[in-house]
Structures are given as C-alpha cells and as structure tokens.
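Okay, so the sequence shown: first residue is 284 according to the numbering used here, each after it adds one. Report on one structure; see the data block that follows.
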Amino acid sequence: SAASDVYKRQASDSMTETQIENLLLAKDFSECVVYITDEGITVAVPAPADGLSTAQVATITDTIVKETDYTAPQIKVIEVKADAQDAQ
Numbered sequence: 284s285a286a287s288d289v290y291k292r293q294a295s296d297s298m299t300e301t302q303i304e305n306l307l308l309a310k311d312f313s314e315c316v317v318y319i320t321d322e323g324i325t326v327a328v329p330a331p332a333d334g335l336s337t338a339q340v341a342t343i344t345d346t347i348v349k350e351t352d353y354t355a356p357q358i359k360v361i362e363v364k365a366d367a368q369d370a371q
C-alpha cells in the first residue's frame, strides 16, 4: 500500500540520518543533526564563533555524497551558532 511505502521510506531515511550523523561524529563534527526531505538533506552543525571553514563544509558535503544518492547541490549545511550569552 502507499502508506506502507511511505513508512518504509521514513524508516530508511531515519537510518540514513543516523548513519550520516555517526560518520560526521567520526570526523569531529559532534552534535550534528541531519534531516532528509524530498528536496535533499539538511545538516545542522554547531559552528565555532568564526564559523565553519570552507574545508569543513566540503568535508560534510563529501561525506554525504559518498554515502547517499544525493548530490552536493541538494545538501544544505546550516551553522548553528552558540548562544549569544557565551559571546559576551
């Protein structure tokens, strides 16, 4: 049924999200959160005060491209800044 297909895809996406998070963790990107949608993959990454470097974003993108069927343009890396209180 269509409902079971959706369920299977969500379960598969969830496993893929966890797999990507674990791979990124192994590359020193801790506390990443990966979301898979029909449009692509979004990765929320805690960013250092001066932001992620181009090389770090490339590493994240390359890791996902190697592990999934998604292409680089479908991958969005969102930098999550630490609380403003920490910066004061």
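For every residue, glycine included, the Cβ atom is placed at its ideal position computed from N, Cα and C.
Item, Value
"Taking one C-beta from the region 325–338 and one from the region 284–301 each time, how about it: are there three or more such pairs within less than 8 Å?", "no"
"Enumerate in chain order the residues of its own chain whose CB-to-CB distance from Q357 is below 8 Å, with the five nearest sequence positions on each side excluded.", "E322, G323 and I324"
"Do you know whose CA, among C315, K364 and S284, lies nearest T344's CA?", "C315"
"Which one of E350, P331, E300 and V363 has the shortest CA to CA distance from I319?", "E300"
"Give me, in chain order, the residues of the same chain whose beta-carbon lies closer than 7 Å to that of A330; leave out the 5 immediate sequence neighbours on both sides.", "E362, V363 and K364"
"Which of the three DSSP states, helix, strand or coil, is assigned to A332?", "coil"
"Please name the residue or residues paired with E374 in a DSSP beta bridge.", "Nothing can be reported for residue 374: it is not among the residues displayed for the chain, which extend from 284 to 371."
"Among T354, K359 and T346, which has the Cα closest to the Cα of D311?", "T346"
"For Q371 and A309, I'd like the C-alpha separation in whole angstroms.", "Below a pLDDT of 50, predicted positions are generally treated as unreliable, and Q371, at 45, falls in that range; the measurement from the model is reported next regardless. Approximately 31 Å, taken between the alpha carbons."
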